[in-house]
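Colleague: My structure is below; once you've seen it, I'll send some questions.
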Amino acid sequence: MDPLRRSPSPCLSSRPSSPSTPPCEMRGPVGIEAVLDQLKIKAMKMGFEFNIMVVGQSGLGKSTMVNTLFKVWKSNPPDLGVPPPQTLQLHSVTHVIEEKGVKLKLTVTDTPGFGDQINNDNCWDPILGYINEQYEQYLQEELLITRQRHIPDTRVHCCVYFVPPTGHCLRPLDIEFLQRLCRTVNVVPVIARADSLTMEEREAFRRRIQHNLRTHCINVYPQMCFDEDTNDRILNSKLRDRIPFAVVGADQEHLVNGRCVLGRKTKWGIIEVENMAHCEFPLLRDLLIRSHLQDLKDITHNVHYENYRVIRLNESHLLPRGPGWVNLAPASPGQLTIPRPFKVCRGAHDDSDDEF
Amino acid sequence: MRRISGERATRPCLRVPSARRGDEGLHQGDEASQKMSKQQPTQFINPETPGYVGFANLPNQVHRKSVKKGFEFTLMVVGESGLGKSTLINSLFLTDLYPERVIPGAAEKIERTVQIEASTVEIEERGVKLRLTVVDTPGYGDAINCRDCFKTIISYIDEQFERYLHDESGLNRRHIIDNRVHCCFYFISPFGHGLKPLDVAFMKAIHNKVNIVPVIAKADTLTLKERERLKKRILDEIEEHNIKIYHLPDAESDEDEDFKEQTRLLKASIPFSVVGSNQLIEAKGKKVRGRLYPWGVVEVENPEHNDFLKLRTMLITHMQDLQEVTQDLHYENFRSERLKRGGRKVENEDVNKDQILLEKEAELRRMQEMIARMQAQMQMQMQTGDGDGGALGHHV
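As you go down the protein sequences, you meet chains Y and G in turn.
Residue numbers for the first sequence follow our numbering, so the first one is 8 and each next one is one higher.
Residue numbers for the second sequence follow our numbering, so the first one is 22 and each next one is one higher.
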């Protein structure tokens with residue numbers, strides 16, 4: 008497996024290693040493995056960027072969930088006194104978090120006002136517009152003649168969609184939104200406020216949602232078509248079986264059996280957020296941060312962004328005319344909110360496989 | 022007594038004695054009887070007491086008659102799907118009102134509009150019969166665009182009033198069936214930060230037609246503090262938008278202290294935050310109705326956990342009052358509006374205006390075409406006239 012494939016920097020091209028080159032025999036240690044250390048040092052110096060978007064109706068615990076995930080207490084105290092805005096607004100906040108010398112520049116985009124009105128037609132348009140705008144900005148930077156060494160990456164790497172815990176099935180609004188968004192960005196649906204469902208209700212609800220997702224061809228992260236080898240497939244299948252995760256968020260600590268845990272205290276018990284028997288928050292946290300963060304970024308860069316780039320370049324009739332040629336027609340805002348079907352991305356993926 | 026505004030005067034009514042209270046004297050202008058009822062309640066039992074006439078037995082007669090006749094009550098439940106409406110109704114009346122219920126899938130939900138489903142059940146307890154009708158409104162709030170979702174509900178309520186008005190004005194009034202909606206439980210989602218725009222719009226549309234009782238559903242997802250905060254927010258918003266919800270009547274001064282205290286507690290807990298369940302769970306050695314979670318058991322009938330008992334008490338002790346307010350206030354309003362219109366069919370004003378506009382536009386177009394035709398004709402005549410004139414030498 009090509010070590011460059013897992014590089015932290017999105018600037019390096021990530022082409023899979025060619026199967027036709029035979030591995031050669033080594034007569035003694037050369038020191039190639041030192042490359043990993045060099046990569047690590049470079050990555051720590053540069054830091055990582057991660058952009059996440061949270062979408063859902065007001066009151067489903069989006070801000071609390073972000074606080075619980077990244078333990079960012081100071082920002083965004085869930086402002087319960089403010090009524091939801093009349094139209095959908097997009098609100099981005101950036102934090103720089105550091106842990107054991109690793110710096111992470113985290114940007115959280117919130118979407119207050121989603122799905123709260125009486126008439127929610129086209130409430131997804133501003134969100135799609137924002138995502139495409141970020142792709143456009145990156146594209147413009149990439150097409151410059153003299154490019155920056157490190158293009159600032161504001162593209163949305165992951166969109167967490169909060170499904171209200173009705174216990175029945177996905178609502179028409181959820182389905183419309185997910186269908187449109189899963190073609191443009193990695194979507195991770197979660198069952199919000201899961202402390203209102205018992206274990207049996209939770210399982211039944213999850214099965215129904217999975218059935219709905221299959222019926223409506225909604226391809227959520229981790230997508231089956233991007234599994235690279237059997238290890239990935241096994242790991243991701245386990246995750247796919249549990250998606251959507253039933254999560255509970257909390258930003259207050261309570262004392263349970265002598266330990267200080269994050270949780271919600273009620274008259275009939277304390278709901279521990281990090282206890283797997285109570286809710287699946289640890290799974291979500293592991294997916295987003297501990298195991299799949301880099302994968303999310305890679306898929307955004309290699310698949311979603313490439314799709315966008317192909318569409319834009321075709322629209323501007325830009326064929327490579329020679330070194331240094333850039334004449335990109337300005338994008339009209341209405342054009343790109345129509346997502347293309349997934350066939351395009353599979354085609355691109357297959358092409359790159361065929362070439363090598 | 023007719024009352025159009027929201028004011029409710031105290032009612033000099035004949036009160037049917039409920040199970041809670043013993044014999045209560047008939048309120049009359051007769052001073053003697055009042056004095057006797059207040060001072061010497063035990064003397065009624067002995068028919069040989071001087072001055073005893075015997076009409077203090079009237080309440081018992083009314084009681085017997087109404088028990089024989091039975092009571093009718095129609096309850097409407099409105100709220101988004103998945104808020105536990107059916108579970109709560111089943112818990113309240115300890116029945117299974119929806120035995121063959123199939124929850125529709127997501128694809129069906131997309132195409133569906135709001136429907137009205139009424140199920141009637143006869144409940145009997147200690148000889149007292151209650152004919153309970155529960156009107157469910159599946160599909161409410163499901164669609165992406167919910168602008169039209171309350172039209173069906175409002176037309177159903179009006180239809181029931183219309184039918185009663187028709188029966189009341191008919192010749193044979195012996196067996197009028199009262200299907201008017203006496204009470205509407207409106208389910209508010211506990212996940213929001215208060216009332217949603219849809220909640221406000223719906224309540225404003227029906228607060229003059231039916232008694233609204235707001236209920237916070239799935240209350241086991243809220244901590245105590247969150248619950249208090251949400252209740253306060255909802256009450257503030259109700260006041261802000263001038264929504265008229267059902268207010269419990271104040272306990273009258275001659276009621277006993279317990280009843281006054283109970284009424285006070287009930288009034289302070291509106292909107293009720295409830296949890297419904299019909300499953301029996303073992304908790305602390307006894308079987309209770311509740312919901313079993315890994316972190317504890319939520320008991321439905323525990324007043325510290327939720328307001329289910331308060332809601333049930335309110336419904337039962339005030340069933341009669343709900344019916345009276347429906348009859349005296351909402352129905353009378355509807356009746357006066359209908360009779361003022363002189364019995365004409367209900368016209369939808371918006372449709373009328375649009376139609377009139379369209380008709381006027383069509384007329385304008387016709388007139389314009391006619392004018393154009395006339396002009397063309399005149400021109401042609403002038404031209405032929407010119408030709409002739411030219412030939413005849415008019416324009417020399």
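Don't be surprised by glycine CBs; every beta carbon is placed ideally from N, CA and C.
1. Answer yes or no: does any C-beta atom of chain Y fall closer than 8 Å to that of alanine 383 (chain G)?
2. Shortest alpha-carbon distance to valine 295 (chain G) belongs to which of G:Gly317, G:Gln402, G:Phe329 and G:Val309?
3. For chain G, find out if any of its Cβ atoms is closer than 8 Å to the Cβ of serine 339 (chain Y); answer yes or no.
4. Count Cβ pairs between the region 249-260 of chain G and the region 227-238 of chain G that sit closer than 8 Å; are there 3 or more?
5. Alpha carbon to alpha carbon, how far is valine 319 (chain G) from histidine 326 (chain G)? Give it in angstroms, no decimals.
6. By alpha-carbon positions, which one of Y:Val115, Y:Lys107, Y:Glu106 and Y:Val109 ends up nearest to valine 100 (chain Y)?
7. Can you give me the Cβ contacts of leucine 303 (chain Y) inside the same chain, cut-off strictly under 6 Å, excluding the 5 residues immediately before and after it?
8. Under a CB-based cut-off of 8 Å, is threonine 368 (chain Y) close to chain G?
9. Which whole runs of the beta strand (DSSP E) in the region 246-332 of chain G are 3 residues long or more, in chain order?
10. What in chain Y is Cβ-close to histidine 326 (chain G), meaning under 8 Å?
11. Straight-line CA distance for leucine 286 (chain G) to valine 309 (chain G)?
12. Would you say lysine 69 (chain Y) and aspartate 132 (chain Y) are within 8 Å of each other, going by their C-beta atoms?
13. What first and last residue would you give for the alpha helix (DSSP H) that runs through phenylalanine 223 (chain G)?
14. Count the CB pairs spanning the region 218-230 of chain Y and the region 252-262 of chain Y that are closer than 8 Å, and state whether there are at least three.
15. Less than 8 Å separating the beta-carbons of tyrosine 314 (chain G) and threonine 307 (chain Y)?
16. Determine, for glycine 108 (chain Y), whether the minimum Cβ-Cβ distance to residues of chain G falls below 8 Å.
17. Contact between the region 261-277 of chain G and the region 137-147 of chain G is defined here as three or more beta-carbon pairs at a separation below 8 Å; is this criterion met?
18. Using three-state DSSP, classify valine 310 (chain Y) as helix, strand or coil.
19. Can you pull out the residues from the region 155-168 of chain G whose beta carbon lies closer than 7 Å to at least one beta carbon of chain Y?
20. Could you check how far apart the C-beta atoms of proline 196 (chain Y) and proline 251 (chain Y) are, in whole angstroms? I think they sit under 8 Å.
21. To which residues does DSSP link aspartate 117 (chain Y) through a beta bridge?
22. Quick one: which chain G residues come within Cβ less than 8 Å of leucine 67 (chain Y)?
23. Scan the region 199-214 of chain Y for residues whose Cβ lies nearer than 8 Å to a Cβ of chain G and list them as they occur along the chain.
24. Which partner residues of threonine 273 (chain Y) appear in the DSSP bridge assignment?
25. I need the straight-line Cα distance from asparagine 129 (chain Y) to phenylalanine 169 (chain Y), nearest angstrom please.
26. Return the bridge partner residues of asparagine 126 (chain Y) from the DSSP annotation.
27. Report the neighbours of glycine 103 (chain G) on chain Y: residues whose CB is nearer than 8 Å to its CB, in chain order.
28. Can you say whether isoleucine 264 (chain G) is buried or exposed, counting buried as having 16 or more other CB atoms within 10 angstroms of its CB?
29. Here's the rule: buried if 16 or more other CB atoms are within 10 angstroms of the residue's CB, otherwise exposed. What is serine 112 (chain G)?
30. Whose C-beta lies closer than 6 Å to the C-beta of glycine 105 (chain G) among residues of the same chain, with five residues either side of it excluded?
31. Helix, strand or coil for isoleucine 209 (chain G) per DSSP?
32. Please tell me whether, using a cut-off of 7 Å, the distance from the CB of glutamate 258 (chain G) to the nearest non-hydrogen atom of the ligand FAD is below it.
33. Relative to the C-alpha of lysine 78 (chain Y), which residue among Y:Asp181, Y:Met51, Y:Glu106 and Y:Gln64 is closest?
34. From Y:Gly174, Y:Ala199 and Y:Ile152, pick the residue whose C-alpha is nearest to that of valine 167 (chain Y); which is it?
35. Give the residues of chain Y in contact with alanine 397 (chain G), contact being defined as C-beta atoms less than 7 Å apart.
Modeller: According to the data block:
1. no
2. G:Phe329
3. Residue confidence for serine 339 (chain Y) is low, a pLDDT of 49 falling below 50, so the modelled location carries little weight; the figure read from the coordinates is stated next. Not an interface residue.
4. yes
5. 7 Å
6. Y:Val115
7. Listed in chain order, the non-local C-beta contacts of leucine 303 (chain Y) below 6 Å within the same chain comprise His164, Cys165 and Asn193, local neighbours out to five positions each way being set aside.
8. Within the shown structure, residues of chain Y are numbered from 8 to 363, placing residue 368 (chain Y) beyond reach of any answer.
9. The region 246-332 of chain G contains these whole beta strand (DSSP E) runs: 301-304, 307-314 and 317-320.
10. Lys274 and Trp275, listed in chain order.
11. 24 Å
12. No, the Cβ-Cβ distance between lysine 69 (chain Y) and aspartate 132 (chain Y) is not below 8 Å.
13. 218-227
14. When C-beta atoms of the region 218-230 of chain Y are compared with those of the region 252-262 of chain Y, fewer than three pairs fall below 8 Å, so the two segments do not count as touching.
15. no
16. no
17. no
18. helix
19. Asp163, Ala164, Ile165, Asn166, Cys167 and Arg168
20. 4 Å
21. Y:Val61 and Y:His98
22. Phe212
23. Ala199, Arg200, Asp202, Ser203, Thr205 and Met206
24. Per DSSP, Y:Gly276.
25. For asparagine 129 (chain Y) and phenylalanine 169 (chain Y), the distance between alpha carbons rounds to 18 Å.
26. DSSP output for asparagine 126 (chain Y) lists G:Asn166 as bridge partner(s).
27. Pro171, Pro172, Thr173, Gly174 and His175
28. By the 10 Å Cβ count, isoleucine 264 (chain G) comes out buried.
29. buried
30. For glycine 105 (chain G), where only same-chain residues beyond five positions count, the Cβ hits under 6 Å are Ala238, Lys239 and Gly297.
31. strand
32. Among the components of this structure there are no ligands whatsoever, and the ligand FAD is therefore not found.
33. Y:Glu106
34. Y:Ala199
35. The premise fails here: alanine 397 (chain G) is roughly 44 Å from chain Y at the closest Cβ pair, so nothing lies under 7 Å.
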